[in-house]
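At position 169 of the sequence shown (counting the first as 1) the number is 208 in my numbering, and the numbers step up by one without a gap.
Glycine is no exception: its CB is placed at the ideal position from the N, C-alpha and C atoms.
As the structure is a computational prediction, the values presented were derived from the model and not from experiment.
First the structure, in the form of structure tokens, and then the observations on it.
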Amino acid sequence: MRLAVIGTGYVGLVAGAGFSDFGNDVTCVDIDAEKITRLSRGEVPIYEPGLDVLIAQNAKAGRLTFSTDLAAAIRSAEVVIIAVGTPPAADGSADLSAVFAVAETIGKNMNGFKVVVTKSTVPVGTADKIEAILRRFTDEPFGVASNPEFLKEGAAIQDFMKPDRVVIGSNDARALAVLRNLYAPFVRTSDRIHAMDARSAELTKYASNAMLATRISFMNDLAVLSEKIGADIELVRKAVGADPRIGPKFLFPGPGFGGSCFPKDISALIHIGASLGHELEVVRAVERVNARQKKLLFEKIRRHFDGALEGRTVAVWGLAFKPQTDDIREAPALVLIEELLAAGATVRAHDPAAMENVRAVLGDRITYCESMYDAALGADALALVTEWHEFRRPDFSRIKRVMRNAALFDGRNVWDADELRALGFWYTGIGRG
Ligand code: NAD
40 MRLAVIGTGY
50 VGLVAGAGFS
60 DFGNDVTCVD
70 IDAEKITRLS
80 RGEVPIYEPG
90 LDVLIAQNAK
100 AGRLTFSTDL
110 AAAIRSAEVV
120 IIAVGTPPAA
130 DGSADLSAVF
140 AVAETIGKNM
150 NGFKVVVTKS
160 TVPVGTADKI
170 EAILRRFTDE
180 PFGVASNPEF
190 LKEGAAIQDF
200 MKPDRVVIGS
210 NDARALAVLR
220 NLYAPFVRTS
230 DRIHAMDARS
240 AELTKYASNA
250 MLATRISFMN
260 DLAVLSEKIG
270 ADIELVRKAV
280 GADPRIGPKF
290 LFPGPGFGGS
300 CFPKDISALI
310 HIGASLGHEL
320 EVVRAVERVN
330 ARQKKLLFEK
340 IRRHFDGALE
350 GRTVAVWGLA
360 FKPQTDDIRE
370 APALVLIEEL
380 LAAGATVRAH
390 DPAAMENVRA
400 VLGDRITYCE
410 SMYDAALGAD
420 ALALVTEWHE
430 FRRPDFSRIK
440 RVMRNAALFD
450 GRNVWDADEL
460 RALGFWYTGI
470 GRG
């Protein structure tokens, strides 16, 4: 099939590379000319394990090309996939201006039947709006579909190539048939395609992210309680997760969730509910708990130093919102760093992949360190914010030697409190009473 994938971010690039790997002819389009130039040269502008190889193989085979010419890509495609960003607007709703701008260009360049697919996460009812936009500009036949994406950054290739489920939503039978055909090679082992109407598909994406975020905020809330009553949330987590009705995933307490999806999708879902006169009370609480949790590490550090952080140096390990990505959107580390700087502390940070992205936001307000040990040099406190593998079993005696004051704030509960206390560290985790 001939595909145009519009938007070459985490989702568009992975989808474009993934579809081309199964033999489709894919043009990936972006308005960011620099990005397209780099991609055409064989450079991958984001960090996502395995993506560089997948792109290189398919580009070399001539099945994957990159372009800024949206009109040409649309005209030559049978399926046009919209994967542009849908960032939060000032009022918390999803900003759909990029989606609608692309829809307008699609409408103006229709030349025969096409399936127009939204892969971006969009509010319920967006497929209808896209259909109306297309109709304004063309009499050609088309089918509009919603195909929300469930990949996880850091494991995006695996998730895309072997999806747990593929959700396709459309009120047009031809569009559903085309998408079933497109996804058939991805679900060869068993049929994991969920076909439905467009509104249900759009809601499925928000419902999935809201459920996952709810589990995290629930555990974060209990972690605070756990500390107050002298329980260990890690023991509680494992025992609770052993119930097969609950399951062990997404129960990890931590410094609050970030990323490009959960915070914005939750806020958009709340907005969708409010606009229809329905208060989504659980989701509101999830958002409130998360905002509080993102300040927890800072509060712990401040308390440890009796409120006096002026002149203190804090090492921050991990800047990306999670391991295996360079994505720093809504990252808890950024909240911690801003609070530390406002309180007069100096920050020395290290992250294996995200330092350049942070430098673009924070400039020289913090020190970027080439290694985790370098970050700990002369520090009064060390906060682990993102649990990259290399941070899990570091050489603690080396850390002890280089720190000025051996206080550890384990934002992910990955270190052994007893072992560290025996080594002479002061240690605190999240919810470990
Ligand atoms: P991103 O910000 O990484 O990439 C978006 C890309 O779209 C950018 O390269 C941008 O230049 C391009 N773009 C913007 N306007 C454009 C236009 N008018 N024409 C062409 N290109 C345009 O975003 P992302 O993380 O890939 O997310 C894309 C969508 O997928 C969002 O709706 C997001 O919620 C959803 N989603 C993301 C993830 C994820 O893990 N990142 C997972 C599932 C769903």
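Quick check for students: name the residue ranges of the beta strand (DSSP E) that lie wholly in the stretch 328–414, counting only runs of 3 or more. Runs of the beta strand (DSSP E) inside the stretch 328–414: 352–356 and 385–389.
- Query: Under the rule that 16 or more other beta-carbon atoms within 10 Å means buried, what is Thr125, buried or exposed?
  - Reply: buried
### Message
Just to confirm the assignment, what range does the alpha helix (DSSP H) spanning Thr160 have?
### Response
Where Thr160 is concerned, there is no enclosing alpha helix (DSSP H), given that its DSSP letter is neither H nor E.
- Message: By the three-class DSSP mapping on this structure, what secondary structure does Ala171 have?
- Response: helix
Practice task
Mark His317 as exposed unless 16 or more other C-beta atoms lie within 10 angstroms of its C-beta, in which case mark it buried.
Solution key: Counting C-beta atoms within 10 angstroms of its own C-beta, His317 has fewer than 16 neighbours from the protein chains shown and is therefore classed as exposed.
Per DSSP, which residues does Lys153 bridge with? Please list them.
-> Phe181
Notebook entry, point to check: Count the other CB atoms within 10 Å of the CB of Leu315; is the residue buried (16 or more) or exposed (fewer)?
Noted result: exposed
Fill in: Host alpha helix (DSSP H) of Met235 (start-end)
Where Met235 is concerned, there is no enclosing alpha helix (DSSP H), although the beta strand (DSSP E) it sits in stretches over Ile232 to Met235.
| request: Give me the Cβ distance between Thr107 and Ala72, rounded to the nearest whole Å; I'm assuming they're in contact under 8 Å. | output: 5 Å
| message | By the three-class DSSP mapping on this structure, what secondary structure does Ala142 have? | response | Ala142 falls in the helix class under three-state DSSP.
Can you name the residues that DSSP bridges to Asp271?
Arg471
Close Cβ partners of Asn210 (< 7 Å) along its chain, the five nearest in sequence each way excluded: Cβ neighbours of Asn210 beyond the five flanking positions: Asp236 and Ala237.
Which of helix, strand or coil does DSSP assign to Phe105?
Reduced to three states, the DSSP call for Phe105 is strand.
Measure the C-alpha to C-alpha separation of Cys300 and Glu273 and round it to an integer number of angstroms.
Between Cys300 and Glu273, the C-alpha separation is close to 26 Å.
May I have the straight-line CA-CA distance separating Ala456 from Tyr466, to the nearest angstrom? 6 Å
* Asked: When DSSP builds the beta bridges, which residues end up paired with Ala422?
  -> Beta-bridge pairing by DSSP links Ala422 to Val355 and Phe448.
Candidates Glu409, Pro202, Arg276 and Phe61, of which the one nearest Ile94 by Cα
Phe61
Next item on the list: For the stretch 411–422 and the stretch 440–453, state whether three or more C-beta atom pairs, one from each stretch, are separated by less than 8 Å.
Entry: yes
Next on the checklist: So, with DSSP's three-state summary, where would you put Pro302?
Outcome noted: helix
| request: Might you give, ordered along the chain, the residues of its own chain that have their beta carbon closer than 6 Å to the beta carbon of Thr66, omitting 5 neighbours on each side? | output: These residues qualify, in order along the chain: Ala43, Thr104, Ser106 and Ala112.
From what residue to what residue does the alpha helix (DSSP H) around Asp60 run? In the DSSP annotation of this structure, the continuous segment of the alpha helix (DSSP H) that includes Asp60 starts and ends at Tyr49 to Asp60.
Can you tell me which residues form a DSSP beta bridge with Pro287?
Looking at the DSSP assignment, Pro287 forms no beta bridge with any residue, so it has no partner.
- Task: Please confirm whether any heavy atom of the ligand NAD lies closer than 7 Å to the CB of Ala137.
- Result: yes
Residue range of the beta strand (DSSP E) that includes Val217:
Counting along the chain, Val217 falls outside any beta strand (DSSP E), though it belongs to the alpha helix (DSSP H) covering Ala212 to Tyr222.
Exercise for review: May I ask whether a heavy atom of the ligand NAD can be found less than 7 Å away from the beta carbon of Asp71?
Suggested key: yes
Margin query: With the cut-off set at 8 Å, would you say Ile196 and Val325 are in Cβ contact?
Written below: no
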